[in-house]
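Peer 1:
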């Protein structure tokens, strides 16, 4: 049964919520991978093993976020051609996206697998956790093609308005990941390598499910001639995808610099910081879900030359996103101490200190969560219309906020100044992107820009 959704007609709030809710649940399922790994490894193997996973966070995100940004950028062309009813263009957008993903995935795998050890040494990873971190990071880098394949398939489905299939795929895969974690890490005693293997096998399952779902959508049905390389389509995809990948690359570099500072604070502080960073993924997943929904909605409506609906959709997304962020922040502040305790064994040495670090960091992160939701909304709206310069530059504002806070606040108030790094990055980027969005609307009206004359 076909599940694509035309978002150029109907109430914007209902359409965005209808896509965002499955996306939130999908992202929660995806976060089950890292949360399950961290919780089972932290409680089943020990604090040092949890710290080893934490030492790889930003280094793995360097690849993961680059992949997610690139595939989201490619999917913008899918949503635009779908919204403009360009059937041939839609098929070409899909096939050229797949070819580009394969090429980039192979390149990333070779580069990062060969440099995993060097990167960990560059960050001055503590010796007592280096071996575990190296094994986990190398295995995850080796599975880059799996990660790329799943994210591209899911992004195409979302661009066509199908949020349910990625939801089913990810939740089923998330449950599979937990079962495999328990089997590999606890039952077989494989430890950290078992956690990595469980994650990659679950991602492979999610990819297979999304491919099956795509084959059921007539609009996504491609034929042999559609696979012939098309330089004009490839250029458009690169214009949409590479700036977003570069933006996230810069953001992650700032996180890696921050990680190097964190590594100097000792493995107990690192373990507590890691516990909250895993929750950061869960808290951010709804922000990125509203962003994906805004990108798909604006992409389809910009393709249909409905700027009025684009503006209504962005306003609706902001109201929904801010309401959700307020509820989530309140819940984390009230109950977060119990949540972070899931990652750290109460019997472990220094458990109380690690829990204190985790909860204090969580309170600061929750307080500034609103800024993250604002930046995701405006950034995705601009991306959906194909305007990628401001989103790319926003990566520099996040870089400045995160690195500046890491270096300056730690000198001013000590290691707990690191709690404010994400808050500074989010706030700087949110202000920049909000201003960029409204300036872009003025330019569109003044110059009479449309999808057709900006292709």
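In the working numbering, the protein residues as written are 265 to 719.
No residue lacks a Cβ here, since even glycine has one placed at the ideal position from N, Cα and C.
Keep in mind the model is a prediction, meaning the values are calculated, not measured.
State buried or exposed for residue 485, treating a residue as buried only when at least 16 other CB atoms are found within 10 Å of its CB.
Peer 2: Classification for residue 485: exposed.
Peer 1: Is it right to say residue 278 is buried, meaning 16 or more other beta carbons lie within 10 angstroms of its own, or is it exposed?
Peer 2: Exposed, by the Cβ-count rule.
Peer 1: Quick check on DSSP: helix, strand or coil for residue 487?
Peer 2: Coil.
Peer 1: What are the boundary residues of the alpha helix (DSSP H) that residue 566 is part of?
Peer 2: That run of the alpha helix (DSSP H) goes 531-567.
Peer 1: Residue range of the alpha helix (DSSP H) that residue 217 falls in?
Peer 2: Residue 217 is absent from the structure shown; the chain starts at 265 and stops at 719.
Peer 1: Taking the alpha carbon of residue 434 as the point to measure from, which residue in 467, 636, 639, 381 has its own alpha carbon closest?
Peer 2: For residue 434, the nearest C-alpha among the options comes from 467.
Peer 1: Hey, quick one: how far does the alpha helix (DSSP H) through residue 218 stretch, first residue to last?
Peer 2: Nothing can be reported for residue 218, as the shown portion of the chain is limited to 265 through 719.
Peer 1: Just to confirm my understanding: we take residue 292, look at its own chain, exclude 5 residues before and 5 after, and list those with CB closer than 7 Å. What are they?
Peer 2: Closer than 7 Å at the Cβ level, and outside the excluded window around residue 292, lie 546, 549.
Peer 1: Taking 6 Å as the limit between beta carbons, can you name the residues of its chain near residue 635, skipping five residues before and five after?
Peer 2: Excluding sequence neighbours, residue 635 sits near 690, 691, 694.
Peer 1: Have a look at residue 265 and residue 522 and give me their C-alpha separation to the nearest angstrom.
Peer 2: The predicted position of residue 265 is uncertain, since its pLDDT is 44 and thus under 50; no value can be drawn from it.
Peer 1: Would you kindly check if the distance between the Cβ of residue 276 and the Cβ of residue 577 is under 7 Å?
Peer 2: In this structure, residue 276 lies closer than 7 Å to residue 577 by Cβ.
Peer 1: Is the stretch 502-511 close to the stretch 303-318, with three or more CB pairs under 8 Å?
Peer 2: They do not touch, by the three-pair rule.
Peer 1: Between the stretch 620-633 and the stretch 593-610, can you find at least three pairs of beta-carbon atoms closer than 8 Å?
Peer 2: They touch, by the three-pair rule.
Peer 1: Which of the three DSSP states, helix, strand or coil, is assigned to residue 387?
Peer 2: Residue state, collapsed to three classes: coil.
Peer 1: Can you have a look at residue 322 and say buried or exposed, based on whether 16 or more other CB atoms are within 10 angstroms of its CB?
Peer 2: Buried: at least 16 other Cβ atoms inside 10 Å.
Peer 1: Cα-Cα, which of 396, 329, 683 is closest to residue 631?
Peer 2: Measuring from the Cα of residue 631, the nearest candidate turns out to be 683.
Peer 1: Is it buried or exposed, residue 426, if we count other Cβ atoms within 10 angstroms and call 16 or more buried?
Peer 2: Per the 10 Å Cβ criterion, buried.
Peer 1: Looking only at its own chain, which residues have a Cβ that is under 8 Å from the Cβ of residue 273, when we skip the five neighbours before and after it?
Peer 2: Closer than 8 Å at Cβ, skipping near neighbours: no residue.
Peer 1: Between 614, 424, 527, which lies nearest to residue 479 when the distance is taken from Cα to Cα?
Peer 2: For residue 479, the nearest C-alpha among the options comes from 424.
Peer 1: Do the stretch 526-545 and the stretch 400-415 touch if we need at least three Cβ pairs shorter than 8 Å?
Peer 2: No: the two stretches stay apart, fewer than three of their Cβ pairs being nearer than 8 Å.
Peer 1: Relative to the C-alpha of residue 494, which candidate in 650, 353, 535, 326 has its C-alpha closest?
Peer 2: Considering only alpha carbons, the answer is 353.
Peer 1: Let me confirm a value: residue 658 is counted as buried when at least 16 other C-beta atoms fall within 10 Å, else exposed. Which label applies?
Peer 2: It is buried - the Cβ of residue 658 has at least 16 other Cβ atoms within 10 Å.
Peer 1: Can you have a look at residue 330 and say buried or exposed, based on whether 16 or more other CB atoms are within 10 angstroms of its CB?
Peer 2: Buried, by the Cβ-count rule.
Peer 1: Leaving out five residues before and five after residue 414 in sequence, what residues of the same chain have Cβ atoms less than 7 Å from its Cβ?
Peer 2: Excluding positions up to five away in sequence, the list reads 467, 470, 471, 474.
Peer 1: Would you mind stating whether residue 333 and residue 584 have Cβ atoms separated by less than 7 Å?
Peer 2: Going by C-beta atoms, residue 333 is not nearer than 7 Å to residue 584.
Peer 1: Could you give the distance in angstroms between the alpha-carbon of residue 377 and the alpha-carbon of residue 512?
Peer 2: Cα-Cα distance, rounded: 20 Å.
Peer 1: I think residue 359 touches residue 490, with their Cβ atoms under 8 Å apart; what is that distance to the nearest whole Å?
Peer 2: That pair is a contact at about 5 Å.
Peer 1: Between the stretch 648-668 and the stretch 555-562, do three or more beta carbon pairs fall short of 8 Å?
Peer 2: Because the criterion of three Cβ pairs below 8 Å is met, the stretch 648-668 and the stretch 555-562 touch.
Peer 1: Name the residue from 587, 327, 571 whose alpha carbon lies nearest to the alpha carbon of residue 702.
Peer 2: Closest option to residue 702, Cα to Cα, is 571.
Peer 1: Quick check on residue 690: does DSSP put it in helix, strand or coil?
Peer 2: In the structure shown, residue 690 sits in a helix (DSSP, three-state: H, G or I).
Peer 1: In the structure shown, what three-state DSSP assignment does residue 570 receive?
Peer 2: It is coil, neither helix nor strand.
Peer 1: I'd like to know whether the C-beta atoms of residue 390 and residue 531 end up nearer to each other than 7 Å.
Peer 2: Contact flag set, yes.
Peer 1: What did DSSP end up calling residue 356 once you bin it into helix, strand or coil?
Peer 2: The answer is helix: DSSP assigns residue 356 an H, G or I state.
Peer 1: Please state if the CB of residue 568 and the CB of residue 282 are separated by a distance shorter than 7 Å.
Peer 2: Against a cut-off of 7 Å, the Cβ pair of residue 568 and residue 282 comes out as no contact.
Peer 1: May I ask you to report which of helix, strand or coil DSSP gives residue 227?
Peer 2: Look at the range of the chain in this structure, 265 to 719, and you will see that residue 227 is not part of it.
Peer 1: Using the three-state DSSP reduction, which class does residue 480 fall into: helix, strand or coil?
Peer 2: In this structure, residue 480 counts as coil in the three-state DSSP scheme.
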